[in-house]
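Protein chains: 2
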Amino acid sequence: MERTKRADTERTEQAILRAAERVLADDPAASMERIAAASGVARTTVHRRFATRDALLDALSVWAARQFAAAVDAVPDAAPPLVELHQATANVLRVKLGWGFAMSRPTANAEVAAVHAHVLDRCVAMFGRARDAGVLRADVEVDWARRVYYGLIHETADRRDDTADVDTLAARIVDTLLHGIGT
Amino acid sequence: MERTKRADTERTEQAILRAAERVLADDPAASMERIAAASGVARTTVHRRFATRDALLDALSVWAARQFAAAVDAVPDAAPPLVELHQATANVLRVKLGWGFAMSRPTANAEVAAVHAHVLDRCVAMFGRARDAGVLRADVEVDWARRVYYGLIHETADRRDDTADVDTLAARIVDTLLHGIGT
DNA sequence: ACGACATGCATCAGCAATGATGCAAGTAGA
DNA sequence: TCTACTTGCATCATTGCTGATGCATGTCGT
């Protein structure tokens with residue numbers, strides 16, 4: 077079923093996906109034409125690689141989801157909660173800085189949904205460990221905690237004019253998440 | 077230049093704007109057809125009231141911006157920082173829960189830009205007063221504080237399945253903003 | 001080097017959304 | 001009530017996007 081792809085095919089597909097992310101982040105309604113132009117290929121080539129516009133968006137989401145999963149799964153869950161939190165944040169930021177559009181796009185794709193569910197599980201588990209370790213307040217709803225965390229990451233990843241490195245950004249997120257900005 | 081509108085014209089325009097918010101929040105690429113249907117008017121009527129699609133989106137943004145400005149300006153800036161913060165949050169939430177799409181949409185409209193700039197000014201001023209009153213840490217960058225604040229409001233307004241009332245939501249936002257979710 | 005495959009280009013068909021208009025019926029406001 | 005305005009309906013033109021295909025040229029992998 078899965079015949080090995082030729083190297084140039086692979087390169088073309090990557091170029092298209094990267095361009096799609098870039099262009100669509102700027103304008104979610106951008107046409108295939110513009111994506112093709114940004115990829116450096118002809119529009120017909122895009123259609124040959126991705127049968128329909130939906131198929132392209134789907135592939136984009138799947139591609140981003142896989143990197144997302146990899147970033148999350150690369151974090152050792154045996155580390156101390158604070159270390160784990162920082163690592164996870166930094167890893168996710170690294171992916172989200174480059175694939176923000178693809179990662180935020182709602183999709184019906186099963187694999188993407190599975191990844192998000194899996195990440196959510198790990199996130200909740202991580203917060204659970206943090207709470208057990210006394211790092212998190214016990215009276216905060218888990219769902220709200222998670223939303224605040226996602227929100228901070230989103231807010232940080234949205235501005236790529238930030239020149240700070242990923243670890244600095246992650247540190248700021250974790251600090252704000254835990255202590256807020258009040259005295 | 078500004079002839080007084082007939083009452084039914086006014087009603088129709090309102091209905092269209094409300095429907096547009098509702099429909100576009102669900103699908104930002106929805107057609108005029110769908111918006112018209114949701115408004116309970118014919119598609120041609122929408123075109124009579126708003127010459128082009130852009131004009132409609134623009135009017136929608138302006139309408140939301142005015143309510144936004146009103147919500148912010150209704151907060152007395154002589155109140156104690158914590159009270160002011162809570163009031164502002166609740167007022168903005170009230171508007172944003174119903175006009176989230178229109179308020180988040182990027183636009184080149186001058187009036188909308190002016191409103192956002194004005195709100196930003198008031199926000200920064202409010203944070204300044206809060207800091208002077210010892211409510212905010214002095215070592216936090218103002219811009220980051222503002223982004224976290226906006227992010228929390230956004231995160232809260234995104235889920236209207238929350239049955240909690242606006243004041244409860246605002247209280248949670250302020251608490252999280254100031255103290256985070258850590259111990 | 002050779003066969004298989006990918007690409008660019010030109011070109012086509014189809015479609016859905018936009019925007020406009022004339023006309024008859026309804027409604028607001030004085 | 002009378003006038004001016006608004007609306008719904010039917011209809012049309014235009015436009016921009018999508019998706020497909022045939023052919024010549026170029027590139028990959030063995």
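Chains as they are written, first to last, in this note's numbering: chain G, 77 to 259; chain F, 77 to 259.
Glycine is no exception: its CB is placed at the ideal position from the N, C-alpha and C atoms.
Only a predicted model underlies this, so the values are computations on that prediction, with no experimental measurement involved.
Indicate whether the contact test is met: 3 or more Cβ pairs, each with one atom in the segment 132 to 145 of chain F and one in the segment 178 to 194 of chain F, closer than 8 angstroms.
yes
For M77(F) and V191(F), what's the separation of their Cα atoms in angstroms?
For the purposes of this step, residue 77(F) is taken as residue 1 along the second sequence, with counting starting at 1. For the purposes of this step, residue 191(F) is taken as residue 115 along the second sequence, with counting starting at 1. Note that M77(F) has pLDDT 45, beneath the 50 cutoff, so the model's placement of it is unreliable and the number below is only indicative. Going from the Cα of M77(F) to the Cα of V191(F) covers about 23 angstroms.
Could you tell me which whole alpha helix (DSSP H) segments of length 4 or greater appear in the segment 79 to 158 of chain G?
83 to 102, 108 to 115, 119 to 125, 129 to 149
Grouping DSSP H, G and I as helix and E and B as strand, with all else coil, what is G256(F)?
Along the second sequence, read from residue 1 onward, the residue named residue 256(F) stands at position 180. Note: G256(F) maps to coil in three-state DSSP.
Residue closest to T85(F), alpha-carbon to alpha-carbon, out of R125(F), R110(F), A112(F), A114(F):
Numbered from 1 along the second sequence, position 9 holds the residue referred to as residue 85(F). Nearest C-alpha to T85(F): R125(F).
Can you name, in chain order, every residue of its own chain whose Cβ lies under 6 angstroms from the Cβ of V211(G), other than the five neighbours on each side?
Along the first sequence, read from residue 1 onward, the residue named residue 211(G) stands at position 135. The answer, listed in chain order, is P157.
Counting only the same chain and skipping the five closest in sequence on each side, list residues whose C-beta sits under 6 angstroms from that of R248(G).
Here residue 248(G) refers to the residue found at position 172 when the first sequence is read from its first residue. If we look at R248(G) and ignore the five residues flanking it on each side, it has no Cβ neighbours.
Taking only runs of the alpha helix (DSSP H) that begin and end inside the segment 161 to 205 of chain F, which ones reach a length of at least 4 residues, in chain order?
none
Please report the distance separating the alpha-carbon of L161(G) from that of L173(G).
For the purposes of this step, residue 161(G) is identified with residue 85 of the first sequence, where counting begins at 1. For the purposes of this step, residue 173(G) is identified with residue 97 of the first sequence, where counting begins at 1. Distance between the alpha carbons of L161(G) and L173(G) is about 18 angstroms.
Out of A95(G), A83(G), Y225(G), point me to the one whose CA is closest to A114(G)'s CA.
For the purposes of this step, residue 114(G) is identified with residue 38 of the first sequence, where counting begins at 1. Among A95(G), A83(G), Y225(G), the Cα nearest to that of A114(G) belongs to A95(G).
Confirm the yes/no value for this check: CB of W220(F), any heavy atom of the ligand SAH, distance under 7 angstroms.
Looking at this structure, you won't find the ligand SAH or any other ligand, since it has none at all.
Closer than 8 angstroms to chain F by CB, H255(G):
For the purposes of this step, residue 255(G) is identified with residue 179 of the first sequence, where counting begins at 1. Chain F contact via Cβ: present.
Quick check on this structure: which residue in M179(F), C199(F), A101(F) has the alpha carbon closest to the alpha carbon of Q163(F)?
Residue 163(F) sits at position 87 when you count from the first residue of the second sequence. The residue with the shortest Cα to Cα distance from Q163(F) is C199(F).
Apply the 10 Å Cβ neighbour rule to T88(F) and answer buried if 16 or more other Cβ atoms are within range, or exposed otherwise.
In the second sequence, residue 88(F) corresponds to position 12, counting from 1. Looking at its Cβ environment, which holds 16 or more other Cβ atoms inside 10 Å, T88(F) is buried.
Buried or exposed: where does Q90(F) fall if 16 or more other Cβ atoms within 10 Å of its Cβ makes it buried?
Counted from its first residue, the second sequence places residue 90(F) at position 14. Exposed: under 16 other Cβ atoms inside 10 Å.
Beta carbon of F203(F), beta carbon of V218(F): below 8 angstroms?
Start at 1 with the first residue of the second sequence, and residue 203(F) comes out as number 127. Start at 1 with the first residue of the second sequence, and residue 218(F) comes out as number 142. Yes; because the gap between Cβ atoms is below 8 angstroms, this pair is in contact.
Apart from the five residues on each side of it in sequence, which residues of its chain come closer than 6 angstroms, Cβ to Cβ, to T121(F)?
Indexing the second sequence from 1 puts residue 121(F) at position 45. So the list is empty, once near-sequence residues are dropped.
Residues in the same chain with beta-carbon distance under 6 angstroms from L254(G), minus the five sequence neighbours each way, listed in chain order, please.
Start at 1 with the first residue of the first sequence, and residue 254(G) comes out as number 178. Contacts found: none.
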